[in-house]
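Report on the following structure.
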Amino acid sequence: MKTKILNNEVSSPEGSNQEAGRSSGTEGKMPPEESLFASDKTSKEEPFKCELPRSSRPDSGAGEETLQKGPPVIEVIDVKKSYTLGDMEVPILSDINLTVREGEFLAIMGPSGSGKSTLMNLIGFLDRPTEGKIMIKGLDINTLSDKEVAKLRGLEIGFMFQTFNLIPRLTALENVELPTYANTREGVDTRKRAKELLRMVGLEDRMHHKPGELSGGQAQRVAIARALINDPAILLADEPTGNLDSRTGCEILGMFTRLNEDGRTIVMITHDPDIAKYADRIVLVKDGMIQNNSE
Numbered sequence: 001m002k003t004k005i006l007n008n009e010v011s012s013p014e015g016s017n018q019e020a021g022r023s024s025g026t027e028g029k030m031p032p033e034e035s036l037f038a039s040d041k042t043s044k045e046e047p048f049k050c051e052l053p054r055s056s057r058p059d060s061g062a063g064e065e066t067l068q069k070g071p072p073v074i075e076v077i078d079v080k081k082s083y084t085l086g087d088m089e090v091p092i093l094s095d096i097n098l099t100v101r102e103g104e105f106l107a108i109m110g111p112s113g114s115g116k117s118t119l120m121n122l123i124g125f126l127d128r129p130t131e132g133k134i135m136i137k138g139l140d141i142n143t144l145s146d147k148e149v150a151k152l153r154g155l156e157i158g159f160m161f162q163t164f165n166l167i168p169r170l171t172a173l174e175n176v177e178l179p180t181y182a183n184t185r186e187g188v189d190t191r192k193r194a195k196e197l198l199r200m201v202g203l204e205d206r207m208h209h210k211p212g213e214l215s216g217g218q219a220q221r222v223a224i225a226r227a228l229i230n231d232p233a234i235l236l237a238d239e240p241t242g243n244l245d246s247r248t249g250c251e252i253l254g255m256f257t258r259l260n261e262d263g264r265t266i267v268m269i270t271h272d273p274d275i276a277k278y279a280d281r282i283v284l285v286k287d288g289m290i291q292n293n294s295e
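Structure (structure tokens):
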């Protein structure tokens with residue numbers, strides 16, 4: 001029997017210990033075979049350095065051919081978004097055109113209120129554009145019913161948020177399995193997959209702990225496992241390190257790069273240029289418009 005979850009039953013950073021927690025993980029049985037959580041063996045006396053665990057960095061002098069990705073998986077075409085407040089229409093996004101290719105790691109940057117989170121919500125079907133269209137793997141979401149959109153979102157997109165959005169009364173294992181209550185791929189043992197994902201993010205010994213018993217870093221790793229439960233092609237992350245200390249944030253970003261190198265398309269929202277450096281490409285949003293968009 002599936003558990004009914006109320007809308008207000010989601011965790012926030014206040015419910016978690018924000019210190020970086022570490023757990024010893026064992027190897028999972030699905031790709032990538034080694035744990036996504038790379039434990040730091042650096043001595044406490046050594047200064048902490050966060051280095052990009054990627055074999056080909058965007059600023060390493062690699063040519064365009066090296067960084068070229070696959071076919072378009074996300075296409076945002078002439079999109080506008082506005083909201084109505086009384087008799088007044090408030091524009092949020094204007095004339096947005098953006099293409100994200102399969103296997104790309106894209107960072108969307110912008111100051112608070114620039115419209116970057118609204119853009120991510122549109123890409124993730126959490127909202128619909130006022131004008132224009134959004135294509136996901138060749139499908140125009142404007143032509144789909146709400147039920148079809150929900151299914152496509154549940155199977156093809158994984159979400160990660162700054163505040164984790166875990167259900168406080170559920171264990172880590174139950175939180176990871178939660179998205180499969182509405183959508184799941186045929187023939188998948190969801191409980192087994194949830195356990196394997198928690199092993200891969202280094203939380204095998206925390207499966208039965210609730211969010212209030214986890215550190216901030218552990219809670220975000222649970223959220224990453226939850227985002228992967230339906231094996232989505234696209235991962236959307238909205239300020240995923242915003243509530244974490246530098247060391248834990250670096251570990252989370254390290255997971256993102258390993259997931260990306262394993263073939264996942266990642267779109268990450270951030271206001272921090274140091275975080276954005278982890279991506280293949282950076283798009284700047286300001287005043288509801290894209291200021292730079294070079295592939």
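Numbered as in the UniProt record's numbering, the sequence shown ends at 295 without a single skipped number. Using N, Cα and C, we set each Cβ at its ideal position, and we do this for glycine too.
Quiz item: Could you give the distance in angstroms between the alpha-carbon of T265 and the alpha-carbon of E148?
Solution: Here residue 265 is taken as the residue at index 265 of the sequence shown, counted from 1. Here residue 148 is taken as the residue at index 148 of the sequence shown, counted from 1. About 21 Å.
Quiz prompt | Helix, strand or coil at G158 according to DSSP, with G and I counted as helix | solution = Counted from its first residue, the sequence shown places residue 158 at position 158. In this structure, G158 counts as strand in the three-state DSSP scheme.
Quiz item: Using the rule of at least 16 other Cβ atoms within 10 Å of the residue's Cβ for burial, across every protein chain shown, is K192 buried or exposed?
Solution: Here residue 192 refers to the residue found at position 192 when the sequence shown is read from its first residue. Answer is exposed; the Cβ neighbour count stays below 16.
Quiz prompt | Rounded straight-line distance, which links the Cα of S82 to that of I92 | solution = Reading the sequence shown from its first residue, position 92 is the one you call residue 92. Reading the sequence shown from its first residue, position 82 is the one you call residue 82. Cα to Cα, the separation comes out at about 5 Å.
Quiz item: For V100, does the count of other Cβ atoms within 10 angstroms reach 16, so buried, or fall short, so exposed?
Solution: Taking the first residue of the sequence shown as 1, we reach residue 100 at position 100. Buried, by the Cβ-count rule.
Quiz item: Would I141 pass as a contact of V76 if the rule is Cβ separation under 7 Å?
Solution: Within the sequence shown, residue 141 is the residue found at index 141, counting from 1. Within the sequence shown, residue 76 is the residue found at index 76, counting from 1. No. Outside cutoff.
Quiz prompt | C-alpha gap between A279 and T241, whole angstroms | solution = Here residue 279 is taken as the residue at index 279 of the sequence shown, counted from 1. Here residue 241 is taken as the residue at index 241 of the sequence shown, counted from 1. Going by the C-alpha atoms only, they are around 14 Å apart.
Quiz prompt | N-terminal and C-terminal residue of the beta strand (DSSP E) that K116 is part of | solution = In the sequence shown, counting from the first residue as 1, residue 116 sits at position 116. Counting along the chain, K116 falls outside any beta strand (DSSP E), though it belongs to the alpha helix (DSSP H) covering K116 to I123.
Quiz item: The alpha helix (DSSP H) with A194 in it runs from where to where?
Solution: In the sequence shown, the residue the question calls residue 194 occupies position 194. Taken as a continuous stretch (DSSP letters only), the alpha helix (DSSP H) holding A194 covers T190 to M200.
Quiz item: For the putative contact between V176 and L155, defined by C-beta atoms under 8 Å, what is the C-beta separation to the nearest angstrom?
Solution: Working through the sequence shown from its first residue, we reach residue 176 at position 176. Working through the sequence shown from its first residue, we reach residue 155 at position 155. 16 Å between Cβ atoms; not a contact.
Practice problem: Output yes or no for whether 7 Å exceeds the beta carbon distance between K286 and S117. | Solution: Translated into the one-based positions of the sequence shown, residue 286 becomes position 286. Translated into the one-based positions of the sequence shown, residue 117 becomes position 117. Not in contact: K286 and S117 (Cβ atoms no closer than 7 Å).
Quiz prompt | Where E132 sits in the DSSP three-state scheme | solution = For the purposes of this step, residue 132 is taken as the residue at position 132 of the sequence shown. The sequence given here has Gly at residue 132, not Glu. It is a strand residue.
Quiz item: Excluding five sequence neighbours on each side, which residues of the same chain lie with their C-beta closer than 6 Å to the C-beta of S39?
Solution: The count along the sequence shown starts at 1 and reaches residue 39 at position 39. Confidence is the limiting factor: at S39 the pLDDT is only 45, short of 50, which leaves the residue's position unreliable, though a coordinate-based value still follows. Cβ within range, chain order: n/a, list empty.
Practice problem: Can you grab the Cα-Cα spacing for the pair I153 / L284, in whole Å? | Solution: Locating residue 153 in the sequence shown gives position 153, counting from the first residue. Locating residue 284 in the sequence shown gives position 284, counting from the first residue. The question names Ile, but residue 153 in the sequence shown is Arg. Distance between the alpha carbons of R153 and L284 is about 25 Å.
Exercise. Counting only the same chain and skipping the five closest in sequence on each side, list residues whose C-beta sits under 8 Å from that of D189.
Key: As a working note, residue 189 is residue 189 in the sequence shown. Excluding positions up to five away in sequence, the list is empty.
Practice problem: Decide if the stretch 105-112 is in contact with the stretch 207-225; the criterion is three or more beta carbon pairs, one per stretch, under 8 Å apart. | Solution: no
Quiz prompt | H271 to D238 span [Cα, whole Å] | solution = Stepping through the sequence shown from its first residue, residue 271 is reached at position 271. Stepping through the sequence shown from its first residue, residue 238 is reached at position 238. Using only the alpha carbons, I get a separation of about 10 Å.
Quiz item: Helix, strand or coil: how does DSSP classify R221 here?
Solution: Against the sequence shown, residue 221 aligns to sequence position 221. Note: R221 maps to helix in three-state DSSP.
Quiz item: Skipping 5 residues on each side, what residues in its chain have a beta carbon closer than 6 Å to that of M207?
Solution: Numbered from its first residue, the sequence shown carries residue 207 at position 207. If we look at M207 and ignore the five residues flanking it on each side, its Cβ neighbours are A172, L173 and L198.
Practice problem: Count the other CB atoms, across all protein chains shown, that sit within 10 Å of the CB of S246; report buried if there are 16 or more and exposed otherwise. | Solution: In the sequence shown, counting from the first residue as 1, residue 246 sits at position 246. With fewer than 16 Cβ atoms within 10 Å of its Cβ, S246 is classed as exposed.
Quiz item: Roughly how far, in whole angstroms, is the beta-carbon of G158 from the beta-carbon of L228, given that I think they are within contact range, below 8 Å?
Solution: The sequence position of residue 158 within the sequence shown is 158, counting from 1. The sequence position of residue 228 within the sequence shown is 228, counting from 1. About 6 Å; that satisfies the 8 Å criterion.
Practice problem: Give every residue of the same chain whose Cβ lies closer than 7 Å to the Cβ of K151, excluding the five residues on either side of it in the sequence, and list them in chain order. | Solution: In the sequence shown, counting from the first residue as 1, residue 151 sits at position 151. For K151, where only same-chain residues beyond five positions count, the Cβ hits under 7 Å are N183.
Self-check item: Reference R258, options N230, D274 and I224, closest by Cα
Solution: For this step, residue 258 is matched to residue 258 along the sequence shown. The shortest C-alpha separation from R258 is found at I224.
Quiz item: Using a beta-carbon distance below 7 Å, is M268 in contact with chain E?
Solution: In the structure shown, chain E cannot be found, because there is only a single protein chain.
Self-check item: Chain-order list of residues whose beta-carbon lies under 6 Å from that of G70 (same chain, five-residue window excluded)
Solution: Working through the sequence shown from its first residue, we reach residue 70 at position 70. Answer for G70: R101, E102 and G103, listed in chain order.
Exercise. Give the straight-line distance between the Cα atoms of I290 and D205, rounded to the nearest whole angstrom.
Key: Here residue 290 refers to the residue found at position 290 when the sequence shown is read from its first residue. Here residue 205 refers to the residue found at position 205 when the sequence shown is read from its first residue. Cα to Cα, the separation comes out at about 44 Å.
Quiz item: Is the Cβ-Cβ distance between G132 and D87 less than 7 Å?
Solution: The residue you call residue 132 lines up with position 132 of the sequence shown. The residue you call residue 87 lines up with position 87 of the sequence shown. Not a contact, by the Cβ cut-off of 7 Å.
Quiz item: Would you report the Cα separation of K137 and I234, rounded to the nearest angstrom?
Solution: Position 137 of the sequence shown, counted from the first residue, corresponds to residue 137. Position 234 of the sequence shown, counted from the first residue, corresponds to residue 234. Approximately 10 Å, taken between the alpha carbons.
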